[in-house]
Ligand code: 6R9
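Numbering (the UniProt record's numbering), first residue to last: 68 to 753.
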């Protein structure tokens, strides 16, 4: 793997010399650690060397239409596309932003995920292993069985008048019925909008009012950890609210989840509510496919912006299908014998692209886990890995860090020898968490795919291809095929070479979102106007001398201290490298002299007491790793951090606590544990 010189195209097809991967030099300078893939791994990988990556990447940039046509033709299309494949305008100055891939072709993503794989001989292969909240509570469906379930629900939905283009809101926990419902909608051309079942009635109502679904699909209750949550009550409240806003929903299809709640105990509205188990199984197990245009909408997924109401990110069918399947295959080096587990919930984009569509399009066996990773104890993940012989494990840094706080005996008591690839998503993974994940969980054998992407991008954008490149802990490495990341300065000028700035993308890729539902103007303003001619990601990024990309967090989280731009993630990473620090979140506060100061919330390893000495030693660590200018002005001891149910730290709340604007905390109801906020406030003066 020691390639002396490699070439990495960057910018508009320009080939930039990459002084990459000169192993001896990089290690000698001690600037970065390289983690080399093993010979054994690389030799069996889809992409086994930097050179092979570069060849494929160059082709994807020089001839995107040819590159994606070739991959696209591996799917089933009722009618194929015109030779153009892609038509795009990303430049607001030239008129409306418009992105189209495979326009005019007819296909169906459910057909491609299920029927096509069954025809290819995967009918009796397990599509989904379901693991419930309780130990020993499980189930499974083969591809054939999954298709039958999907068809029954699709037929039911048709019978109640749901057709092509109609919206269906899905508010379900991680039961098999969640991917079943998504696929059933896709089969009949309906547009699903999954709302994470941790959202409040108010948030659910807001989404219902925006997309006006014909049906809401939910279940009566769910148990997460030891806590039962009555989902149907939340839906009831949301439907009262949406009715007040002139969006009454006539049908609430409710799955009875008997291990959480009996149907007799469920509040019911006759005429509107229907039990899934009473109707769906009575429908035929075959359902003809609705062929849709590649550019017909597949789903809407609401995501929060920095201001205003949630945005309905709209993805269409053909490009999304080709892109999620291809990124899944390469970034995880997927092989048919793999058993794949992604811990994300289908309520987020990761669950759409990498629990449901990407893996199933590849004919993969997927684990759907309903429970919590710390129930009954913090070894649960590794118990599941051993139980199903998981080979690819994909999770978020927040989970890695929370497990790191506990004794590694919870990990090492399980074998984990089936694992071969690990993955990370959702936020930058700090090098110390990366190392723990790599060394402890993966026994220093499994490459880590640190996949950078967004709800808007549909699939991976910057990601390692395991086996291809040496890795640098904490770097998402290089762009995926067809993706042209550029780093621009405030004025929107592209910066070459070693640099940091705003991350933008030039040209479109098949998985890109096409609009914000009902608000194309906001789509253009938010994403295409800040730097004309580019898609603006909202993230900061630096590129090192070897061309590796380092995501530094949202630019709204960047702090400017005495003219030095500091990514909150950089300071956090330095703090958590301290042996007694478990987790850290950093925000900017106003500072008289420096413009902005650095305010750090720090969670210590279980059992370590707070002390003045420790405070000094934490600050010293940051000074040493980044520089004196990055030393935190304040360390705020935090027994816990405010996180959303998907594990993202709510910096908005931390900023308010840091600046003592306690009456402006805003909505804290979507936090996994709203109690941590009071705890933090009471510790403010320590
Ligand atoms: C997939 C997902 C998108 C934002 C994105 C960035 C952060 C995601 C990351 C990462 C660094 C990674 N992010 N993956 N930052 N390294 N590997 O999480 O989508 O919920 O829309 O969030 O998450 O800041 O802009 P979404």
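Cβ coordinates follow ideal geometry from the N, Cα and C atoms, glycine included.
Residue 183 and residue 596 have their C-alpha atoms some 41 angstroms from each other. Cβ-Cβ distances below 6 angstroms link residue 716 to 652, 708 and 710 in the same chain, with the five nearest sequence neighbours on each side left out; the list follows chain order. When rounded, the separation of the alpha-carbon atoms in residue 418 and residue 409 is 8 angstroms. One Cα belongs to residue 383, the other to residue 267, and the distance between them is close to 27 angstroms. Cβ-Cβ distances below 6 angstroms link residue 147 to 172 in the same chain, with the five nearest sequence neighbours on each side left out; the list follows chain order.
For residue 291 and residue 440, the gap between their C-alpha atoms comes out near 10 angstroms. When C-beta atoms of the segment 530-537 are compared with those of the segment 396-411, three or more pairs fall below 8 angstroms, so the two segments count as touching. Burial is judged here by how many other beta carbons sit within 10 angstroms of a residue's own beta carbon; residue 694 has fewer than 16 and is exposed.
At the C-beta level, residue 515 and residue 527 stay beyond 8 angstroms of one another. Taken in chain order, the whole alpha helix (DSSP H) runs of length 4 or more contained in the UniProt domain "AMP-binding enzyme C-terminal" (637-715) are 679-692. Not one heavy atom of the ligand 6R9 falls within 7 angstroms of the beta-carbon of residue 576. Under the three-state reduction of DSSP, residue 581 is assigned to coil, being neither helix nor strand.
In the same chain as residue 550, and ignoring 5 residues on each side of it, the C-beta atoms closer than 6 angstroms to its own belong to 528 and 576, in chain order.
Exclusion of the five residues before and after residue 314 leaves 275, 276 and 279 as the residues of its chain whose Cβ lies within less than 8 angstroms of its Cβ. The DSSP-derived three-state label of residue 573 is strand. The beta carbons of residue 354 and residue 253 sit about 12 angstroms from each other, so the pair does not count as a contact at 8 angstroms. From the listed residues 664, 229 and 654, the smallest Cα separation to residue 719 is found for 654. Taking residue 706 as the centre and dropping the five residues before and after it, the same chain places the C-beta of 746 closer than 6 angstroms to its C-beta, in chain order.
A straight line joining the alpha-carbon of residue 454 with that of residue 103 spans about 29 angstroms. The alpha-carbon of residue 452 is positioned some 17 angstroms away from that of residue 503. With contacts defined as CB atoms closer than 8 angstroms, residue 336 and residue 323 fail to qualify as a contacting pair.
Beta-bridge partners of residue 261 (DSSP): 237. Leaving aside the five residues that flank residue 600 on each side, the residues in its chain whose CB is nearer than 6 angstroms to its CB run, in chain order, 158. When the five nearest sequence neighbours on each side are left out, the beta carbons in the same chain lying within less than 6 angstroms of the beta carbon of residue 108 are those of 534, in order along the chain. In this structure, residue 543 places its C-beta atom within 8 angstroms of the C-beta atom of residue 616. Checking the DSSP bridge columns, you'll see residue 290 partnered with 295. DSSP, read as helix, strand or coil, puts residue 184 in helix. In terms of Cβ geometry, residue 364 and residue 283 do not form a close pair [threshold 8 angstroms]. Closer than 7 angstroms to some heavy atom of the ligand 6R9: that does not describe the Cβ of residue 445. Following the DSSP letters along the chain, one finds residue 395 in no beta strand (DSSP E) but inside the alpha helix (DSSP H) bounded by residues 385-398. Ranked by Cα distance from residue 144, the options 247, 637, 491 and 358 are led by 358. For the pair residue 581 and residue 381, the CB atoms are nearer than the 8 angstroms cut-off.
A residue is called buried when at least 16 other Cβ atoms come within 10 angstroms of its Cβ; residue 592 does not meet this threshold and is exposed. The C-beta distance from residue 649 to residue 689 rounds to 16 angstroms, too long to fall under 8 angstroms, and the pair is not in contact. Secondary structure at residue 487: coil, using DSSP grouped into helix, strand and coil.
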